[in-house]
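Taking it in order: structure first as structure tokens, then the write-up.
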Amino acid sequence: MPRFGGTETLSEEVRNAGVASSIDPERRYTIRQLYVELARYHQMLEETGHHPRSTIETYVVHPVRFLRWLSGEYDPRHSDPWP
1 MPRFGGTETL SEEVRNAGVA SSIDPERRYT IRQLYVELAR YHQMLEETGH
51 HPRSTIETYV VHPVRFLRWL SGEYDPRHSD PWP
């Protein structure tokens, strides 16, 4: 499982997040909350067993890179492209 937001695991937060509430276009997330939701998504993909591991990693690695860019931890002009 990739690192999310500088932590090794977010399993406790993922378990506590539960199912996302109804869609609210005005809902705002912190970067940390986005990492939690991404970890929850990753866990759900693994639990379904419908996708090869490489597909799951692709689904997760690119959003992690985007979140790193949002938080200022990644600069595509000067950084290693992999989270």
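Its first residue numbered 1, the sequence shown is counted upward by one per residue in the UniProt record's numbering.
All C-beta atoms in this analysis are idealised placements derived from N, C-alpha and C, irrespective of residue type, glycine included.
The model shown is predicted, which means the values in this text are computed figures rather than measured ones.
Margin query: Within 8 Å, do at least three Cβ pairs link the segment 54 to 69 to the segment 36 to 44?
Written below: yes
Check: DSSP on M1, reduced to helix/strand/coil?
Finding: As a working mapping, residue 1 is identified with position 1 in the sequence shown. Unreliable positioning characterises M1 in this predicted model, as indicated by a pLDDT of 43, which lies under 50. The coordinate reading is nonetheless provided below. In the structure shown, M1 sits in coil (DSSP, three-state: anything other than H, G, I, E or B).
Note to self: Quick check on DSSP: helix, strand or coil for P52?
What the structure shows: For the purposes of this step, residue 52 is taken as residue 52 along the sequence shown, with counting starting at 1. If DSSP states are grouped into helix, strand and coil, P52 belongs with coil.
Next item on the list: Would you tell me roughly how many angstroms separate the C-alpha atoms of R32 and L38, rounded to the nearest one?
Entry: Taking the first residue of the sequence shown as position 1, residue 32 is located at position 32. Taking the first residue of the sequence shown as position 1, residue 38 is located at position 38. The alpha-carbon atoms of R32 and L38 are separated by roughly 10 Å.
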